[in-house]
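Heads up: the sequence shown begins at 0 in numbering that gives the first Met the number 0, then just goes up one per residue.
Scroll down for the structure; my scribbles are underneath it.
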Amino acid sequence: MIESSLLPKVKEFFKLNIVASDILITFILLTIFGSIYLVIPKKLSDSTIISPLQKTNKLSIVEGTAKDSSKKEVIGFLPSWIVAQNTDIFIKPLTQLIYFGFNVNENGDIVRYKEDNTLVLEWHYFNSSSFKQLKKEAKENNTKILVAFKLFDNETVDNLISNSVSTNYFIRNAVALLEEYDLDGINLDIEYFTQHQNGAGFTDSDFPTAKFLNAFLTKVVSELKKADPQYLVSVDVNATVILKDKAYDMVKIGEVADQVILMAYDYRMPSSLRAGPVAPINGSINEHSINESVASLVGRVPTEKIILGIPLYGYEWQTVNRQLTKEFTS
Numbered sequence: 000m001i002e003s004s005l006l007p008k009v010k011e012f013f014k015l016n017i018v019a020s021d022i023l024i025t026f027i028l029l030t031i032f033g034s035i036y037l038v039i040p041k042k043l044s045d046s047t048i049i050s051p052l053q054k055t056n057k058l059s060i061v062e063g064t065a066k067d068s069s070k071k072e073v074i075g076f077l078p079s080w081i082v083a084q085n086t087d088i089f090i091k092p093l094t095q096l097i098y099f100g101f102n103v104n105e106n107g108d109i110v111r112y113k114e115d116n117t118l119v120l121e122w123h124y125f126n127s128s129s130f131k132q133l134k135k136e137a138k139e140n141n142t143k144i145l146v147a148f149k150l151f152d153n154e155t156v157d158n159l160i161s162n163s164v165s166t167n168y169f170i171r172n173a174v175a176l177l178e179e180y181d182l183d184g185i186n187l188d189i190e191y192f193t194q195h196q197n198g199a200g201f202t203d204s205d206f207p208t209a210k211f212l213n214a215f216l217t218k219v220v221s222e223l224k225k226a227d228p229q230y231l232v233s234v235d236v237n238a239t240v241i242l243k244d245k246a247y248d249m250v251k252i253g254e255v256a257d258q259v260i261l262m263a264y265d266y267r268m269p270s271s272l273r274a275g276p277v278a279p280i281n282g283s284i285n286e287h288s289i290n291e292s293v294a295s296l297v298g299r300v301p302t303e304k305i306i307l308g309i310p311l312y313g314y315e316w317q318t319v320n321r322q323l324t325k326e327f328t329s
């Protein structure tokens, strides 16, 4: 269970006034019970690392107590387009670095080529000298390297998780990739829309519900552990979807996955009706918040597996007036 004293400390982190340029990782992840760091350019020296654990006039100290304080996780997602910029990355604080990432098609193939048979950019940068050097530095730092598989299309997700042939083919491809490139595991970012336009939820007859995802994840984790018990499997979950529909069986996901990454952002986005923070600690009436999302996982997912995804971005809203959470112009 999460101690009640912990949530205020998580809140405090989001109140920090942090100013840094050239943040290299799209967002960082942290265990809700562990230490917190910001990932910043390597060009800054050790003495200038921006961290909530430093006693400075700009940053407060954030502390939390894990069941095992030696197992604190600090995870950075590294998008392929950051590798493309060939910019040095400060990897020292990270326990994991997740390369983001590869698309998977409905047959279980990892997408490597475009329709014109040219290599997709994700593969190009994955095989670049810059990423190879980063992998070398990660190994020397005992930072694990994982790769993310992203599925954002309903039809693709439908077939992959409900078709055993496609599932098995994906697993073989994933294991082969981990072995060939000496990686430490995979991250699954499976996102599908579970609401029809009229607001009615999907049913078993027209879209895979949680039971198909359960079977898929169970099979993937089992087979990867057979290949190497040390392989890690983390699963990303939408912070608001876990609240309002049955797309995720969080108890089962918490049981089979090594880590559950709560994507605690995009509570507000350009498609929203009103302006507001992308990652609000507390919500107004009838508004979702990080507190609500985290609390919803208590008792369903072991706390040592929960990772809180923090965004390092925001939106500049052109509102119709200066009041908070007001309508905005496009």
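Yeah, the Cβ is synthetic: ideal placement off N, Cα and C, and Gly gets one too.
In angstroms, rounded to a whole number, what distance separates the CA positions of residue i and residue j?
| i | j | result |
| --- | --- | --- |
| D183 | V319 | 49 Å |
| K210 | N104 | 21 Å |
| G33 | S292 | Since pLDDT at G33 reaches only 35, below the 50 mark, its modelled position is unreliable, and the value read off the structure follows with that caveat. Cα to Cα, the separation comes out at about 18 Å. |
| D87 | L133 | 9 Å |
| G313 | L261 | 18 Å |
| I189 | R321 | 38 Å |
| N213 | Y191 | 15 Å |
| S283 | I289 | 12 Å |
| V156 | F169 | 12 Å |
| L272 | K225 | 48 Å |
| E121 | S79 | 6 Å |
| P276 | A175 | 41 Å |
| F130 | H123 | 10 Å |
| I185 | L216 | 12 Å |
| P301 | E114 | 43 Å |
| M268 | A294 | 23 Å |
| K251 | N237 | 16 Å |
| K138 | E286 | 43 Å |
| I280 | I306 | 16 Å |
| V110 | F151 | 13 Å |
In the DSSP assignment, find the beta strand (DSSP E) that holds residue i and state where it starts and stops.
| i | result |
| --- | --- |
| K143 | K143 to L150 |
| F89 | Where F89 is concerned, there is no enclosing beta strand (DSSP E), given that its DSSP letter is neither H nor E. |
| I362 | There is simply no residue 362 to check, as the chain begins at 0 and stops at 329 in what is shown. |
| V73 | V73 to P78 |
| N102 | Q95 to N102 |
| L307 | I305 to P310 |
Over what stretch of residues does the alpha helix (DSSP H) that includes residue i continue unbroken?
| i | result |
| --- | --- |
| N162 | Taken as a continuous stretch (DSSP letters only), N162 belongs to no alpha helix (DSSP H), as it is neither H nor E. |
| Q132 | S128 to E139 |
| L187 | Note, L187: premise wrong, no alpha helix (DSSP H); beta strand (DSSP E) at G184 to I189. |
| I289 | I289 to L296 |
| L223 | A209 to A226 |
| Y124 | L120 to F125 |
Quick one: measure Cβ to Cβ for residue i and residue j, integer angstroms, because I've assumed they're closer than 8 Å.
| i | j | result |
| --- | --- | --- |
| K232 | V220 | It should be noted that the sequence gives Val, not Lys, for residue 232. About 5 Å separates the two Cβ atoms, so the contact holds. |
| S165 | N106 | 5 Å |
| T142 | Q84 | At roughly 20 Å, the Cβ-Cβ gap does not stay under 8 Å, so T142 and Q84 are not in contact. |
| D235 | L296 | D235 to L296, Cβ: 13 Å. No contact. |
| Y266 | A278 | 6 Å |
| K149 | G100 | 5 Å |
| I81 | I97 | With 8 Å as the limit, I81 and I97 do not qualify as a contact, their Cβ atoms being about 12 Å apart. |
| A263 | K304 | About 15 Å; that fails the 8 Å criterion. |
Quick check on DSSP: helix, strand or coil for residue i?
| i | result |
| --- | --- |
| G253 | helix |
| V156 | helix |
| I241 | helix |
| Y112 | strand |
| I280 | coil |
| V300 | coil |
| L272 | coil |
| V236 | strand |
| V82 | helix |
For the ligand SAH, is there a heavy atom less than 8 Å away from the beta-carbon of residue i?
| i | result |
| --- | --- |
| L307 | The ligand SAH is not part of this structure, which contains no ligands at all. |
So with Cβ pairs under 9 Å, would you call residue i a contact of chain D?
| i | result |
| --- | --- |
| K149 | Among the chains of the structure shown, chain D does not appear; only one protein chain is present. |
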